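First up is the structure itself, then whatever we jot down about it.
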């Protein structure tokens with residue numbers, strides 16, 4: 001089952017540059033694992049924003065939630081999830 | 092997987108009373124079948140409104156969509172669906 | 183009478199890990215008591231969020247408020263309550 | 274238990290003046306019965322609008338829904354209900 | 365003239381418990397004076413929230429504003445006011 | 456007491472030009488009476504819209520409602536009212 | 547350049563079943579041409595709604611607009627378009 | 638003074654094709670006059686919608702309103718106007 | 729040209745009482761100058777809020793912006809501006 | 820392709836005046852480069868706000884995003900982007 005997921009990530013102003021760099025690289029590594037596992041299928045940047053739209057696939061909303069919370073930046077993300085059904089033209 | 096589903100049903104003013112009664116009884120019959128199949132689990136009335144909140148279970152959003160569109164009043168319903176994940180206290 | 187209740191919990195960044203762990207375990211314990219008392223009937227995770235949707239039962243809104251404020255994390259919760267009426271198919 | 278209830282009533286343009294007068298007088302009569310029964314406690318006009326705010330008392334949301342749907346103009350009302358808890362200063 | 369008034373009070377996290385207790389008792393005392401003066405007529409708790417809905421009576425919006433700003437917690441309240449007209453059934 | 460009042464007037468497409476002209480001239484006549492009575496103090500056009508913002512003065516919301524409903528176009532107006540308090544710089 | 551496009555299609559109640567069937571088949575045929583041309587890349591059903599989310603690719607917003615207006619049901623669609631930038635992980 | 642103006646035009650379903658064509662050509666002619674007069678400076682299409690964003694220049698909001706109402710399709714437009722100030726980088 | 733302007737002023741909790749008093753008196757002095765210059769015409773208090781609605785007159789939005797930014801409390805104000813056109817009844 | 824872009828810039832209260840002045844001058848310098856490159860075409864001030872509306876031109880949303888993030892104040896801007904299509908009157 002596919003989901004459209006939006007994140008808006010806001011790291012706190014007080015976070016050190018080192019911690020930020022660390023988090024970004026851990027985030028990218030985890031995202032790559034989720035891509036290889038077929039859970040994260042596409043990612044787009046919302047122009048002008050620190051926000052991201054993604055296409056995810058998971059057996060259900062619980063598995064999706066587990067994938068999302070496995071992202072190292074999850075504690076600073078505001079996430080919204082939209083469940084998608086298959087369109088008859090693609091069935 | 093469970094879903095929280097809201098319907099707001101607005102039959103057109105021009106529909107005859109006979110057609111309304113027919114639709115309501117067909118709706119109830121189909122809802123009963125969906126309950127027996129374990130797809131429709133609970134239904135609540137939103138007080139003061141023709142709206143209904145329901146708890147549904149389906150393998151994915153495509154199966155849920157098929158169940159919803161099988162309701163005889165579907166063409167006159169405004170429906171919103173919220174995907175639910177299992178809460179750790181209930182896992 | 184049943185109520186649909188949404189919480190969005192935001193513990194402050196400055197809270198220590200110890201205090202967090204303590205609060206989470208106190209929260210779970212109190213939730214279990216409310217389940218046993220039949221006040222808290224179901225709980226779902228909103229996927230991708232620290233938010234929770236619950237089905238509660240209480241004699242009236244005052245009793246519900248007392249149950250909600252008895253949760254140890256209540257001071258950090260943003261809560262919205264929707265009163266539900268019995269649906270004729272379930273009466 | 275008390276409820277704050279808002280109605281916005283919109284009788285269709287095509288309704289005859291006779292039917293309108295009939296409905297308004299039936300509405301007033303039913304409202305009076307509900308006042309005498311202690312269900313409808315106060316009613317205010319929202320200035321400049323055909324809308325009304327009311328204070329209602331009913332054992333639960335199901336009983337409130339039944340009272341609201343007993344109003345002759347109910348089919349043309351858009352209704353929203355807010356459940357109220359007792360304030361500690363009034364307990 | 366009556367007004368429906370909503371408050372959402374948010375005392376800052378950094379306020380001491382002593383200062384909070386002091387403020388709450390001063391608030392209750394001032395509210396009691398306003399009740400006796402017939403300015404504050406009813407107060408309800410919004411279930412699950414630190415919010416309050418009240419029915420107030422004042423000669424006009426200026427007098428209402430003065431009553432509201434006389435509350436000791438006013439600096440931390442987010443307040444919205446709705447002017448009410450007399451309903452013909454109560455005139 | 457002053458009020459800021461917004462109207463959005465939408466005469467039905469099916470109304471004849473004659474009826475429209477009649478209504479507009481009756482509207483203007485009634486507005487003039489309300490200006491002379493000191494109830495309607497100012498009127499502005501919202502640029503690009505059939506909407507109007509007005510400054511009204513009335514003893515209370517009930518008197519304001521009566522003034523607004525005395526406008527011949529009232530049945531086709533969507534009206535919102537905001538109660539205003541005196542600013543200390545003007546007291 | 548990719549775009550996320552939402553449609554909500556509402557054919558008028560008065561349209562004959564024949565005209566509806568004709569339109570749906572013309573819509574499907576045009577969608578297939580746009581898929582073959584690489585303009586329409588994915589389509590999902592929003593569960594419970596007549597709405598569709600699609601992933602489109604076009605050189606710019608003008609070319610996208612031309613593709614959208616070439617759909618036979620365009621006159622009855624409410625469309626919203628969100629421009630997407632490439633995410634660095636996919637560059 | 639410049640203004641950013643959005644129109645959403647919705648000609649009624651019942652309008653004949655002939656009347657539509659007539660209106661569109663009258664609209665284009667009037668727009669051209671307003672461009673020559675320097676009142677209408679730019680016009681963009683909102684992709685996927687019958688909506689238009691325009692940059693207009695007029696001495697004040699009253700002159701802008703007169704320009705907008707001179708458009709033949711004005712009775713079927715929903716218009717919103719945003720007043721713009723000169724940016725210091727362009728002063 | 730007239731403008732309807734709303735301010736919501738929120739001085740930071742950490743500002744000293746002395747600095748607050750200073751700012752308020754500077755604000756009042758500047759407002760008086762703007763009144764004498766015919767730029768600030770009326771000011772109302774929104775009951776229950778630290779917000780203010782004002783009627784301003786300026787040759788255009790740039791001059792209005794300059795007047796607003798000349799207020800000493802401007803850095804802590806959230807301001808919204810609505811351009812007004814002359815109503816035909818007042819022309 | 821053109822884009823309408825809104826920024827709302829909020830430098831933190833704790834930033835020194837020196838750092839602010841530095842940032843503003845770097846911002847102006849970068850904006851000038853983007854104007855010379857034909858990427859930034861127009862800029863307007865939203866009256867009464869620290870917000871800016873701009874007309875930008877870029878080959879696609881990715882190039883626009885790169886231009887926006889090259890602004891020195893980008894980390895403190897809340898940005899929204901609207902893709903524009905060419906209007907047939909200007910084609």
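Chains as they are written, first to last, in our numbering: chain A, 1 to 91; chain B, 92 to 182; chain C, 183 to 273; chain D, 274 to 364; chain E, 365 to 455; chain F, 456 to 546; chain G, 547 to 637; chain H, 638 to 728; chain I, 729 to 819; chain J, 820 to 910. All residues carry an ideal CB built from backbone N, CA and C; glycine is no exception. These numbers come from a predicted model, not from an experiment.
Worksheet item: If we ignore side chains and look at the alpha-carbon of each, how far apart do residue 872(J) and residue 47(A) end up?
Response: 15 Å
Fill in: Inter-residue spacing [alpha-carbon to alpha-carbon] between residue 613(G) and residue 888(J)
30 Å
Worksheet item: Counting only beta-carbon atoms, is residue 653(H) nearer than 8 Å to chain F?
Response: no
Fill in: Contacting positions in the region 793–806 of chain I - beta carbon closer than 7 Å to chain H
793
Item to complete: Please list, in chain order, all residues of the same chain as residue 861(J) whose beta carbon is under 6 Å from its beta carbon, the five residues on each side excluded.
Response: 874
Worksheet entry | Own chain residues within Cβ distance below 7 Å of residue 527(F), not counting five before or after | 478, 481, 482 and 485
Practice prompt. Return the residues of the region 773–787 of chain I that lie within a Cβ-Cβ distance of less than 9 Å from chain F, sorted by chain order.
Written response: 773, 774, 775, 776, 780, 781, 782 and 783
Worksheet item: Rounded to the nearest angstrom, how far is the Cβ of residue 6(A) from that of residue 80(A), given a contact under 8 Å?
Response: 5 Å
Practice prompt. Indicate whether at least one CB of chain C lies closer than 8 Å to the CB of residue 391(E).
Written response: no
Worksheet item: Taking 8 Å as the CB-CB cut-off, is residue 607(G) touching chain H?
Response: yes
Worksheet item: residue 831(J) touches chain A at which residues, Cβ-Cβ below 7 Å?
Response: 13
Practice prompt. Using a Cβ-Cβ cut-off of 8 Å, state whether residue 274(D) counts as contacting chain C.
Written response: yes
Discussion item. Looking only at its chain, what residues have a beta carbon closer than 7 Å to the beta carbon of residue 415(E), apart from the 5 residues adjacent to it on each side?
Written reply: 370, 371 and 372
Worksheet item: In this structure, what does DSSP give as the bridge partners for residue 450(E)?
Response: 317(D)
Discussion item. On the DSSP bridge list, what partners appear for residue 420(E)?
Written reply: 367(E) and 404(E)
Item to complete: Check the Cβ of residue 267(C) against every Cβ in chain D and list those closer than 8 Å, keeping chain order.
Response: 333, 334, 335, 337 and 338
Worksheet item: In terms of residues, what are the limits of the alpha helix (DSSP H) holding residue 792(I)?
Response: 789–797
Worksheet item: Mind pulling the chain D residues with CB within less than 9 Å of residue 221(C)?
Response: What residue 221(C) touches in chain D: nothing, since even the nearest Cβ is about 15 Å away.
Fill in: Collapsed DSSP secondary structure at residue 760(I) in the structure displayed
helix
Discussion item. Here's the rule: buried if 16 or more other CB atoms are within 10 angstroms of the residue's CB, otherwise exposed. What is residue 398(F)?
Written reply: Chain F is shown from 456 up to 546; residue 398(F) falls before or after that span and cannot be answered.
Worksheet item: Using the C-alpha atoms, what's the distance from residue 127(B) back to residue 270(C)?
Response: 17 Å
Worksheet item: In terms of alpha-carbon separation, which member of 823(J), 829(J) and 822(J) lies closest to residue 804(I)?
Response: 829(J)
Fill in: Beta-carbon proximity of residue 884(J) to residue 631(G), cut-off 8 Å
yes
Fill in: Contact under 8 Å by Cβ, residue 239(C) with residue 186(C)
no
Worksheet entry | Test: residue 808(I) CB closer than 8 Å to a CB of chain J | yes
Fill in: Neighbouring residues, chain F, relative to residue 761(I) (Cβ below 7 Å)
Result: empty, since nearest Cβ-Cβ is about 12 Å, beyond 7 Å.
Item to complete: Have a look at the DSSP bridge pairing and note the partners of residue 463(F).
Response: 506(F) and 533(F)
Worksheet item: Closest Cβ-Cβ distance between residue 296(D) and chain E: below 8 Å?
Response: no
Item to complete: Give the secondary structure of residue 650(H) by DSSP, where H, G and I count as helix, E and B as strand, and everything else as coil.
Response: coil
Worksheet item: Mind checking whether residue 104(B) and residue 285(D) have CB atoms under 8 Å apart?
Response: yes
Worksheet item: Using CA coordinates, which residue listed in 154(B), 182(B), 165(B) and 140(B) is at the minimum distance from residue 351(D)?
Response: 140(B)
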